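J.: I'd like to ask you about the structure that follows.
2 protein chains.
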Amino acid sequence: MNRVFAALADPTRRALLAKLAQGQATVGELAAPFSMSAPAISQHLKVLERAELVTRTTQAQWRTLSLRAEPLDEVSRWIEQQRRDWNLRLDALEQHVDNMQKLDREKEKP
Amino acid sequence: MNRVFAALADPTRRALLAKLAQGQATVGELAAPFSMSAPAISQHLKVLERAELVTRTTQAQWRTLSLRAEPLDEVSRWIEQQRRDWNLRLDALEQHVDNMQKLDREKEKP
DNA sequence: TGCTTAATTAAGGAACTGGTTAATTGCATA
DNA sequence: TATGCAATTAACCAGTTCCTTAATTAAGCA
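These protein sequences, in sequence, are chains C and G.
Going by my numbering, the first residue of the first sequence is number 1, and it counts up by one from there.
Going by my numbering, the first residue of the second sequence is number 111, and it counts up by one from there.
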């Protein structure tokens with residue numbers, strides 16, 4: 001997951017992924033909206049590829065990029081697990097505070 | 111979100127967060143399981159703090175760290191949105207392939 | 001006051017990131 | 001075959017990351 005999170009930490013790469021979520025595209029198509037050199041985009045795509053977030057297929061001189069869902073599924077599971085754990089804790093804490101307040105009220109007028 | 115994803119890209123920091131999901135802890139308590147110098151942990155915690163994933167409260171010479179849910183909620187929303195988009199595309203593609211196969215079959219024996 | 005403990009700051013180094021320009025590869029086509 | 005286009009590789013640079021050890025801050029206690 002290290003590489004996946006690191007890949008997602010860059011806004012250019014997140015934009016590339018968002019574009020790819022709308023369908024396959026060639027390197028040129030992906031690069032067009034950015035004011036950045038072709039090699040820079042090429043390197044970003046390499047990072048996404050090493051994180052297994054995209055695959056590259058060659059036809060003639062064009063490379064077509066496609067998204068791969070698995071790594072996103074994996075980070076999703078980690079994050080949702082964390083949120084579950086954390087929310088459980090928060091709920092328990094809230095419960096605890098409620099109990100304390102109830103005890104306080106009962107102490108005031110028994 | 112840049113800082114949040116970057117913070118999550120390091121396994122030591124993910125472990126620190128996982129520990130904190132079980133409840134608040136001091137720097138010392140968090141550092142104990144790691145074979146790493148105290149300053150190293152301190153710096154990891156600073157990264158988590160800058161990503162607003164944790165808050166630090168001081169009591170005497172102890173710092174108590176607590177998780178903050180918001181940034182995790184934000185990355186969760188981004189990831190789930192991406193997964194939705196991507197799955198929609200996948201389903202549409204599958205549908206398309208099915209239609210093509212159906213057409214083929216109808217062409218074979220009309 | 002001096003000592004101990006918890007933690008941070010300071011300084012430094014090796015490796016990695018994110019960009020650049022220039023050169024190269026691979027394919028298609030006049 | 002020469003030319004052009006899509007894309008990558010190579011080489012380089014500035015800035016960042018992740019770790020270290022040494023020094024410093026701040027609080028509690030004999």
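All C-beta atoms, glycine included, are put in the ideal place defined by N, C-alpha and C.
The structure presented is a predicted model; accordingly, all values stated were derived computationally and were not measured.
In angstroms with no decimal places, state the Cα-to-Cα distance between Leu155/G and Arg123/G.
T.: On the second sequence, position 45 is the one that residue 155/G refers to. On the second sequence, position 13 is the one that residue 123/G refers to. Approximately 8 Å, taken between the alpha carbons.
J.: Under 7 Å, CB to CB, which of the residues in the stretch 40 to 70 of chain C have a partner in chain G?
T.: Those residues of the stretch 40 to 70 of chain C that come within reach of chain G (Cβ to Cβ, closer than 7 Å) are Leu67 and Ala69.
J.: For Asn2/C, count neighbouring C-beta atoms within 10 Å of its own C-beta (all shown protein chains included) and say buried if the count is 16 or more, exposed if not.
T.: Taking the first residue of the first sequence as 1, we reach residue 2/C at position 2. Looking at its Cβ environment, which holds fewer than 16 other Cβ atoms inside 10 Å, Asn2/C is exposed.
J.: Check the DSSP bridge columns for Gln59/C and list the partner residues they point to.
T.: Translated into positions along the first sequence, residue 59/C becomes position 59. Note: Gln59/C sits in a beta bridge opposite Trp62/C.
J.: Alpha carbon to alpha carbon, how far is Phe115/G from Pro181/G?
T.: Taking the second sequence and counting its residues from 1, the one referred to as residue 115/G is at position 5. Taking the second sequence and counting its residues from 1, the one referred to as residue 181/G is at position 71. Spanning the two alpha carbons is a distance of roughly 10 Å.
J.: Cβ of Thr64/C within 9 Å of Cβ of Ala21/C?
T.: In the first sequence, counting from the first residue as 1, residue 64/C sits at position 64. In the first sequence, counting from the first residue as 1, residue 21/C sits at position 21. Against a cut-off of 9 Å, the Cβ pair of Ala21/C and Thr64/C comes out as no contact.
J.: Any idea what DSSP makes of Ala179/G, helix, strand or coil?
T.: One-based indexing of the second sequence puts residue 179/G at position 69. Three-state DSSP puts Ala179/G in coil, outside helix and strand.
J.: Determine which residues share a DSSP beta bridge with Thr12/C and list them.
T.: Translated into positions along the first sequence, residue 12/C becomes position 12. Note: Thr12/C sits in no beta bridge, so no partner.
J.: Out of curiosity, what's the CA-to-CA distance linking Ser186/G and Asp195/G?
T.: Residue mapping note: residue 186/G aligns to position 76 of the second sequence, counting from 1. Residue mapping note: residue 195/G aligns to position 85 of the second sequence, counting from 1. Using only the alpha carbons, I get a separation of about 14 Å.
J.: Which parts of the stretch 17 to 48 of chain C are runs of the beta strand (DSSP E), unbroken and 3 residues or longer, counting only runs that do not cross its ends?
T.: Qualifying beta strand (DSSP E) stretches: none in this window.
J.: Can you find a C-beta in chain C that's less than 9 Å from the C-beta of Phe115/G?
T.: Taking the first residue of the second sequence as 1, we reach residue 115/G at position 5. So, interface residue.
J.: When you compare only the Cα positions, how much space is there between Ala125/G and Glu74/C?
T.: As a working mapping, residue 125/G is identified with position 15 in the second sequence. As a working mapping, residue 74/C is identified with position 74 in the first sequence. Distance between the alpha carbons of Ala125/G and Glu74/C is about 16 Å.
J.: What residues in its chain sit with their C-beta under 7 Å from that of Arg50/C, if we drop five residues either side in the sequence?
T.: Position 50 of the first sequence, counted from the first residue, corresponds to residue 50/C. Excluding residues within five positions, the ones whose Cβ falls inside 7 Å are Arg3.
J.: So which residues on chain G does Glu80/C lean against when the C-beta distance must stay under 8 Å?
T.: The residue given as residue 80/C occupies position 80 in the first sequence. Near Glu80/C (Cβ distances below 8 Å), the residues of chain G are Ser186.
J.: On the criterion of 16 or more Cβ atoms from any shown chain inside 10 Å, does Gln82/C qualify as buried, or is it exposed?
T.: Position 82 of the first sequence holds residue 82/C. Buried, because 16 or more other Cβ atoms sit within 10 Å of the Cβ of Gln82/C.
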